[in-house]
Amino acid sequence: MLIHAATASAKMRDLTNRFTGVRLATPDDAQALARFINDTSMNNGKLRIGFNRGDDYFALLRLQGEKFSALVCEQDGQIAGVGALTLRQASVRGRKVTLGYLQDLRMASNVTHRTRQNFYQFFSEFVRLCPQFEEFDNCSLFITAILDDNRAAKAALSRTAFPLEYTRLSQYTAHIWPKIPALGRLTGTARMKDSQEDEVSAFYAQELGRRAFDLTTDDLARLTKHSTSVVLKDAGAIVAACLLVQTDQERVLQAEHTGINFKLNAAGTFITALRVAKGLAPERAAIAKQQLLARALSESRKLNGLFTGYIETANDPLRMSQLQHLGSYKTQGSLYRVYHPEHSAIPEFSAGFLRPSHVAQFDWISS
Numbered sequence: 586m587l588i589h590a591a592t593a594s595a596k597m598r599d600l601t602n603r604f605t606g607v608r609l610a611t612p613d614d615a616q617a618l619a620r621f622i623n624d625t626s627m628n629n630g631k632l633r634i635g636f637n638r639g640d641d642y643f644a645l646l647r648l649q650g651e652k653f654s655a656l657v658c659e660q661d662g663q664i665a666g667v668g669a670l671t672l673r674q675a676s677v678r679g680r681k682v683t684l685g686y687l688q689d690l691r692m693a694s695n696v697t698h699r700t701r702q703n704f705y706q707f708f709s710e711f712v713r714l715c716p717q718f719e720e721f722d723n724c725s726l727f728i729t730a731i732l733d734d735n736r737a738a739k740a741a742l743s744r745t746a747f748p749l750e751y752t753r754l755s756q757y758t759a760h761i762w763p764k765i766p767a768l769g770r771l772t773g774t775a776r777m778k779d780s781q782e783d784e785v786s787a788f789y790a791q792e793l794g795r796r797a798f799d800l801t802t803d804d805l806a807r808l809t810k811h812s813t814s815v816v817l818k819d820a821g822a823i824v825a826a827c828l829l830v831q832t833d834q835e836r837v838l839q840a841e842h843t844g845i846n847f848k849l850n851a852a853g854t855f856i857t858a859l860r861v862a863k864g865l866a867p868e869r870a871a872i873a874k875q876q877l878l879a880r881a882l883s884e885s886r887k888l889n890g891l892f893t894g895y896i897e898t899a900n901d902p903l904r905m906s907q908l909q910h911l912g913s914y915k916t917q918g919s920l921y922r923v924y925h926p927e928h929s930a931i932p933e934f935s936a937g938f939l940r941p942s943h944v945a946q947f948d949w950i951s952s
């Protein structure tokens, strides 16, 4: 559900009135925002990454969260900046919490310094006051992901330009590699099989909620129309599962590697919700995870799109073949906890619930 001016509270409207040239996006902005995002990219050293969002900017946000909103900055009547927030219910230390994911914070290169600073201050003030906004479920926990070598993004989000605090929770490695269909095999669209859906849902109902910022069954329901499940069974019971999620319509990856003068432009499939049954011994669990990944990569070749993405952490390494190593785009990034001094007044924060000192595992709806 899109939160916009017509559905925003008086407090939110008061906030936008304090800043010039800013507003909440409306449904009518879908195409204009998509064009703005399509013309921007993220610089990561030799690797430049962009995402083509088609004609509907909100399509990906609908896939990622139960509620979402976009803050828009305008200069001379044109969109000059955007920053989005998606909200979903997540699990932290076994407890349910509203989690906000901050994304798509982009500014046009030709905006004035005053416009840029005005928008960053508006965006940070929005995050600071978000626990007071009922339409945003009084969200007080936010995360965001930044490519480690994306110097432009880090400068934009510096303490002086963007007055919020960041704590790095975990580093990740994102892989992108060619997904070439087997000879004679037709590709199709990801769609979970009805005969397997109930069995997979029952498995996830038992396994979800054990990781920091974990997915919920509501997230899986939202992904059903875009995904197919891959399972590993032992004695007829599922011992490991993951989802292959396809974003052909919602997002197309654009990547350019200046070091090897190679460009990519393709829709893709990413792996998420990888779980191994908690009752497995550590050795068996490690083997099951690798067997499941191998099966998932094989199954992904049957789907539309040229590239598959997988985000790994130190606890979820990805073993690739020599061919995948040769053709892989690999970049590192970090997941950050975004907070502000006012969090210290929130009971859950002062009690330590919202201050995980170390997040060993995490999962996202979208890579």
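Those letters in the sequence shown? Residues 586 to 952, by this note's numbering.
Glycine residues also receive a C-beta, built at the ideal position from the N, C-alpha and C atoms.
Between the alpha carbons of Gln717 and Asp661 lies a distance of about 31 Å. For the options Lys596, Gly606, Thr752, Ala619, the alpha carbon positioned closest to that of Ile728 is the one of Thr752.
The Cβ atoms of Ala820 and Val861 lie no closer than 9 Å to each other.
DSSP places Leu793 in the coil class of the three-state scheme, outside both helix and strand. Here the stretch 684-704 makes contact with the stretch 651-668; the two share three or more CB pairs at distances below 8 Å.
Between Thr813 and Arg836, the C-beta gap is not smaller than 9 Å, which leaves the two residues out of contact. About 4 Å separates the beta carbons of Gly794 and Ser676, which is inside the 8 Å limit, making them a contact pair. Asp803: not part of any beta strand (DSSP E); member of the alpha helix (DSSP H) spanning 802-808, first to last residue.
Around the beta carbon of Arg796, 16 or more other beta carbons sit within 10 angstroms, so the residue counts as buried. A contact is defined here as three or more CB-CB pairs under 8 Å, and the stretch 865-881 fails this definition with respect to the stretch 799-813. Residue range 595-602 is occupied by the alpha helix (DSSP H) that includes Asp599, with no beta strand (DSSP E) assigned at that position. Check the Cα spacing between Lys887 and each of Ala730, Thr774, Leu838, Arg638: the tightest is with Thr774.
One alpha carbon belongs to Arg638, the other to Ala610, and they sit about 16 Å apart.
A Cβ-Cβ contact shorter than 9 Å links Leu838 with Phe636. Leu859 is bridged by DSSP to nothing; it lacks a bridge partner. Met597 places its beta carbon 9 Å or farther from that of Glu710. Close CB contacts of Glu884 within its chain, under the 8 Å cut and outside five residues either way in sequence, are with Thr813, Val815, Leu829 (chain order). Look at Cys658 here: in three-state DSSP terms it is strand.
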